[in-house]
Ligand code: DGP
């Protein structure tokens with residue numbers, strides 16, 4: 022599996038605005054924010070795309086959602102609402118092949134997305 026930029030963020034070789042960290046997960050601000058709050062939640066274990074997730078990863082995906090929920094509350098966007106997104110491959114707009122959950126909020130988000 023090829024390393025991505027997120028491995029360098031995990032190792033702190035590249036600095037990022039870290040919002041949350043534990044031994045298995047990291048959350049940091051997106052470098053190209055699409056909303057006032059735009060945070061990426063990643064597992065430290067690299068899984069390239071959502072296509073590569075299997076049953077043994079169910080806990081990982083669930084915990085990523087729980088971290089996103091906690092951050093949304095801390096950022097006080099929980100009441101107004103927010104969006105959680107996994108982009109997958111080309112049509113999904115995925116550019117970094119290490120799964121990441123986008124947490125977007127702080128403004129009215131359009132639906133359907135472009
Ligand atoms: P996606 O298009 O779903 O693969 O999203 C990848 C996101 O990663 C994109 O919104 C920009 C973000 N990103 C890429 N490189 C860096 C980086 O070096 N630092 C940070 N903080 N975010 C990055």
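In our numbering, the protein residues as written are 22 to 135.
Even glycine gets a Cβ: it sits at the ideal position worked out from N, Cα and C.
Note that the structure is predicted; figures quoted are calculated from it, not measured.
Burial state of residue 58, where buried means 16 or more other Cβ atoms lie within 10 Å: buried
Exposure label - residue 120; buried when at least 16 CB within 10 Å: Counting the other CB atoms within 10 Å of its CB gives residue 120 a total of 16 or more, which places it among the buried residues.
7 Å CB neighbourhood of residue 26 in its chain, flanking five on each side removed: 35 and 117
Counted within 10 angstroms of its Cβ, other Cβ atoms place residue 126 as buried (16 or more) or exposed: buried
Segment contact, 8 Å Cβ cut-off, at least three pairs: the segment 56 to 72 with the segment 41 to 48: yes
Buried or exposed by the 16-neighbour rule on C-beta atoms within 10 Å, applied to residue 87: exposed
Local conformation of residue 112 per DSSP, three classes: helix
Given residue 132 as reference, the closest of 112, 114, 103 and 111 once Cα atoms are compared: When only C-alpha atoms are compared, the closest one is 103.
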